[in-house]
Amino acid sequence: MDLQLTDEQRLVQETARTFAREEVLPKASQLDREHRHPKELVARMAELGLLGIAVPEEWGGAGLDNVSYVLAMEEISRACASTGVILSVNNSLVCDPLLKFGSDPQKREFLKPLAAGEKLGCFALSEPEAGSDAAAQTTVSHRDGNGWVITGIKNWITNGPVADTCILFTMTDRAAGSRGITAFILPMNAPGVRCGPPDRKLGIRASQSCQIFLDEVRLDDSHRLGEVGGGFKVAMSTLDGGRIGIAAQAVGIARAALEDAMGYARERKTFGQAIAQHQAIQFKLADMATEVDAARLLVWRAATLKDRGARFTSEASMAKVFASEVANRVAKEAVQIFGGNGYVEDFPVERHFRDAKITEIYEGTSEIQRLVIAGNLLKE
Amino acid sequence: MMDFELTDEQRLIRDTAHDFAERELRPRAAERDRTGQFPVEELRALAKLGLLGVNVPEPLGGAAAGAIAYALAMQEIARADASVSVAMAVTNMVAEVIVRFGTEPQAREHVPRLTSGESLAGAFALSEPQAGSDPAAMATTAKRTPSGWRIDGAKQWITSGDHAGLFVVWAKTDPATGARGISAFLVKGNTSGLSCGRREHKMGLNGSSTVPLRFDGCEVGEEALLGGLGQGFKIALAALDGGRIGIASQALGVGRAALEATRTYVKERHQFGRPLAANQAVQFRLADVATELEAARLLTLRAAWRKEQGMPFTREASMAKLYASEATGRACDAAVQLHGGYGYTREYPVERLLRDARVQRIYEGTSEIQRLVIARELLSSERGGGT
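Chains as they are written, first to last, in the numbering used here: chain A, 1 to 380; chain B, 1001 to 1387.
#1: Q1156 (chain B) lies in the beta strand (DSSP E); which residues open and close that run?
#2: Expressed to the nearest angstrom, what Euclidean distance is found between the alpha-carbon atoms of Q1360 (chain B) and R1352 (chain B)?
#3: Considering only residues of the region 1032-1084 of chain B, which uninterrupted alpha helix (DSSP H) runs meet the minimum length of 4 residues and lie entirely inside it, listed in chain order?
#4: Return yes when the Cβ of T1345 (chain B) is within less than 9 angstroms of the Cβ of A1258 (chain B), no when it is not.
#5: According to DSSP, is M288 (chain A) helix, strand or coil?
#6: Beta-carbon within less than 6 angstroms of W156 (chain A)'s beta-carbon, same chain only, minus the 5 sequence neighbours each way: which residues are those?
#7: In this structure, does DSSP put H1163 (chain B) in helix, strand or coil?
#8: Using 10 angstroms around the beta-carbon of V372 (chain A), count the other beta-carbons present and answer buried if the total reaches 16, otherwise exposed.
#9: So F1233 (chain B) is in the alpha helix (DSSP H); what residue range does that whole segment cover?
#10: Give a yes or no on whether the minimum CB-CB distance between M288 (chain A) and chain B is below 9 angstroms.
#11: Determine the direct distance from the alpha carbon of Q1037 (chain B) to that of A79 (chain A), and round the result to whole angstroms.
#12: Specify the secondary structure class of P1275 (chain B) as computed by DSSP and reduced to three states.
#13: Using a Cβ cut-off of 9 angstroms, which residues of the region 289-311 of chain A contact any Cβ in chain B, in chain order?
#14: For the region 114-137 of chain A, which residues have a CB atom closer than 9 angstroms to at least one CB atom of chain B, in sequence order?
#15: Check the Cβ-Cβ distances between A1154 (chain B) and every residue of chain A, and say whether any is below 9 angstroms.
#16: Excluding the 5 residues preceding and the 5 following M1093 (chain B) in the sequence, name in chain order all residues of the same chain whose CB lies nearer than 7 angstroms to its CB.
#17: What number of angstroms, rounded off, separates the C-alpha of C122 (chain A) from the C-alpha of G160 (chain A)?
#18: Going by beta carbon distance, what residues of the same chain come within less than 8 angstroms of G1197 (chain B), once the five residues before and after it are set aside?
#19: Which of the three DSSP states is assigned to E1200 (chain B) in this structure?
#20: Using a Cβ cut-off of 9 angstroms (strictly closer), state whether T1387 (chain B) contacts chain A.
#21: With distance defined between alpha-carbon atoms, name the residue in A:G226, A:M188, A:G203, A:R10 nearest to H35 (chain A).
#22: For R1079 (chain B) and R1256 (chain B), which I take to be in contact (beta-carbon distance under 8 angstroms), what is that distance rounded to the nearest angstrom?
#23: In the region 22-94 of chain A, which residue ranges form an unbroken alpha helix (DSSP H) of at least 4 residues, counting only runs that do not cross its ends?
#24: Strictly under 9 angstroms for the Cβ-Cβ distance: is G1246 (chain B) near chain A by that measure?
#25: Do the region 1093-1108 of chain B and the region 1133-1141 of chain B meet, that is, are 3 or more Cβ pairs less than 8 angstroms apart?
#26: Is there a Cβ from chain B that is less than 9 angstroms from the Cβ of Q273 (chain A)?
#27: May I ask you to list, following chain order, the residues of the region 343-377 of chain A that have a beta carbon less than 7 angstroms from some beta carbon of chain B?
#28: Can you look up S1380 (chain B) in the DSSP assignment and give me helix, strand or coil?
#29: Is V1086 (chain B) helix, strand or coil by DSSP?
#30: Let me confirm a value: V1090 (chain B) is counted as buried when at least 16 other C-beta atoms fall within 10 Å, else exposed. Which label applies?
#31: Apply the 10 Å Cβ neighbour rule to S1147 (chain B) and answer buried if 16 or more other Cβ atoms are within range, or exposed otherwise.
#32: What are the residues that DSSP puts in a beta bridge with E1219 (chain B)?
#33: For D1003 (chain B), write down the residues that DSSP places opposite it in a beta bridge.
#34: What residues in the region 29-58 of chain A bring their beta carbon closer than 9 angstroms to a beta carbon of chain B?
#35: Anyone know if the C-beta pair for L1120 (chain B) and S1183 (chain B) falls short of 9 angstroms?
#36: In terms of residues, what are the limits of the alpha helix (DSSP H) holding Q1010 (chain B)?
And the structure:
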């Protein structure tokens, strides 16, 4: 048992914190209002080595571990949850499966520029009729000579409008169900790929997502990621790691709400004293802080298991469901502590409140996490 | 290097406590709950295993295994019988407080008796009828005599008070100065002028005794003063910080027992032609209980780790105690609910677990006091919500 960070981890945390405070936070509110993709911040994160944190240096990454990754995710998301999810998708959902399932030539061609931040990635699993039930894929891929032809529609693709490379899931054999799914590495400039307009969302508005339309897209077999029919395994294994990233994002949002509420409670006076002096406010802050700490520990635990190569499916789900629900409770209480000021855009907490919601939905809803946790528990 | 794994020694202590609890405690926990029998033999057996001084140096009879090992052992004992675990918790707390604040002669005189089981149990006499969450309001006094001190007053809710061989007693030595006028004394159980009243009839923890104490001209020597004059309040708060890790661990043990019993039950019980466990409504409740207990476990281990490292841990201990006791309250409620009518009877253990768990939100600082501590720590530091 040791909760001490290594010098390297502390350096990542400090770097991300300073960058988040000085460069991300000042822009967060405006980015949100304009629904603007923060291209310049993504470029800076690439310089700082944050886009492929746990990818070995030989493949263009920073060569660090998953603990470093969640530390960075918390800090960036503390300032801007939208920027956080851009980071999370590239690290967890794109670099990670390429590292784990990609061949060396695929790593050289696709992983290196993504991990180095020269390119940006997206992950296309969901469809209009296949969300939590990912095996209900209707995007089809069929063989054509030495390649594949792919047709279908993908939904909610974070980074879609700005991505260069996509990890794409398709159905090659409908009769085989989840064993009929195959994953591909799709260059977004391939003929037949078209993005819909960016989704108009409740929160994380500076993170752009969209539908992707695939109309007889032709890919060489060298673009196939993993086995034919092995796509579901790629997706599930990737999402296990992704959930740790989203849990860390949720901790960042919760911390933002907590810290903003603490600052406000110290300054705002009612009945002749700072509202931080009222027990009603103190008790809210105590519960918020306790839950944020608990959520962070769950995230760290899942990340250490992943770093050790141990199984972490259930732990990642616990971290994700707990942290995302904490983010929503904490943001809700923060709005309450701010009163009317919590309801207007002049203060940041209405953004935290809106941003928190998605963490209970994407990369596996809270309901899916509970199924995963209960499944593991009842198996024992 | 961040790591949530246990050392071999910690595993050994945990497994020792687990095996003992399964073999010696669990089979008779329901009976002790029913009869109220104090676990004399069980405490002596815990002493033999080194579990009455888990975090106490070896020369004083302790296991010197650290705060994490203590939290793990406490969890295992409480998982089998929370009543036994509370006597164990207070005895460990008393031994630790003497090691930390006592002189060497005091430690040599009292601590080996606690760790060996000779004192049977230690007791912590802080609360009074009119001074619970507000201990500075205590009315018990200690007045100088030519040879030491004379203690007069009443104490309330004293765990193991009718069996303890040694008490730490808090009293006002300077009634005019509030918290700074409080001192702590080591008082043996057979000291004349110390008597205990009738055992409380409690909702749960029936195998643990809780009594009021009376001090009527109870005379102790000069050597009974623990720590400096007027240091009592500081000593009490420091002891309670550590004690809260113990109660958090106890809560975790009870919560785990509730989860395990329920997991077994929902797989066996069939309704509508399938096990209860096949229903999402049941699965989701179990998932929440398991997740919250895991969060509580990590908060508790973090507090213990900080204590072991010599880092400040007041805030972390309060978070662990608050969260673990509240999560266990929810876990036991879910357990009774998922057992249906059977959960309301003594045929299954969850009814006792629900009653035993309830006090964890009250003693060694209510949940309300923990929130005040956490808020004060938060608002007085520049640390914010990060690490």
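Positions of the beta carbon are idealized from the N, C-alpha and C atoms, including for glycine.
A quick look at the data gives this:
#1: Note, Q1156 (chain B): beta strand (DSSP E), 1148-1159.
#2: Whole-angstrom Cα-Cα distance: 14 angstroms.
#3: Counting only runs of 4 or more, we get 1040-1048, 1066-1080.
#4: Result no, Cβ atoms of A1258 (chain B) and T1345 (chain B) do not sit closer than 9 angstroms.
#5: Three-state DSSP puts M288 (chain A) in a helix.
#6: The residues are S126, S209.
#7: The answer is coil: DSSP assigns H1163 (chain B) none of H, G, I, E or B.
#8: With 16 or more other Cβ atoms inside 10 Å of its own Cβ, V372 (chain A) counts as buried.
#9: 1232-1268 is the span of the alpha helix (DSSP H), which, as asked, contains F1233 (chain B).
#10: At least one beta carbon of chain B lies nearer than 9 angstroms to the beta carbon of M288 (chain A).
#11: Rounded to whole angstroms, the gap between the alpha carbons of A79 (chain A) and Q1037 (chain B) is 57 angstroms.
#12: In the three-state DSSP reduction, P1275 (chain B) falls in the strand class (E or B).
#13: Near chain B, meaning a CB-to-CB distance below 9 angstroms, the residues of the region 289-311 of chain A are A289, T290, E291, V292, D293, A294, A295, R296, L297, L298, W300, R301, A303, T304, L305, D307, R308.
#14: For the region 114-137 of chain A, which is checked against every Cβ of chain B, not one residue is closer than 9 angstroms.
#15: So, not an interface residue.
#16: So the list reads F1124, A1239, G1242, G1243, G1246, once near-sequence residues are dropped.
#17: Annotation: C122 (chain A) to G160 (chain A) spans about 6 angstroms, alpha carbon to alpha carbon.
#18: Excluding residues within five positions, the ones whose Cβ falls inside 8 angstroms are V1211, P1212, L1213, R1214.
#19: In the three-state scheme derived from DSSP, where H, G and I count as helix and E and B as strand, E1200 (chain B) is classed as coil.
#20: True, the Cβ-Cβ gap to chain A drops below 9 angstroms.
#21: Minimum Cα distance to H35 (chain A) is reached at A:G203.
#22: About 5 angstroms; that satisfies the 8 angstroms criterion.
#23: Fully enclosed alpha helix (DSSP H) runs of 4 or longer: 25-34, 39-47, 66-79, 81-88.
#24: False, the Cβ-Cβ gap to chain A never drops below 9 angstroms.
#25: Too few Cβ pairs lie closer than 8 angstroms, so no.
#26: Q273 (chain A) is outside the set of residues whose beta carbon lies under 9 angstroms from a beta carbon in chain B.
#27: When C-beta distances to chain B are compared with 7 angstroms, the residues of the region 343-377 of chain A below that value are R370, L371, I373, A374, L377, in chain order.
#28: In this structure, DSSP gives S1380 (chain B) a helical state, which the three-state scheme calls helix.
#29: Three-state result, V1086 (chain B): helix.
#30: Under this definition V1090 (chain B) is a buried residue.
#31: S1147 (chain B) counts as exposed, since fewer than 16 other beta carbons sit within 10 angstroms of its beta carbon.
#32: Beta-bridge pairing links E1219 (chain B) to B:R1150.
#33: Per DSSP, the beta-bridge partners of D1003 (chain B) are A:D2.
#34: Of all residues in the region 29-58 of chain A, none has a Cβ within less than 9 angstroms of some Cβ in chain B.
#35: Cβ distance not < 9 angstroms, so L1120 (chain B) and S1183 (chain B) don't count as in contact.
#36: Its alpha helix (DSSP H) spans residues 1008-1020.
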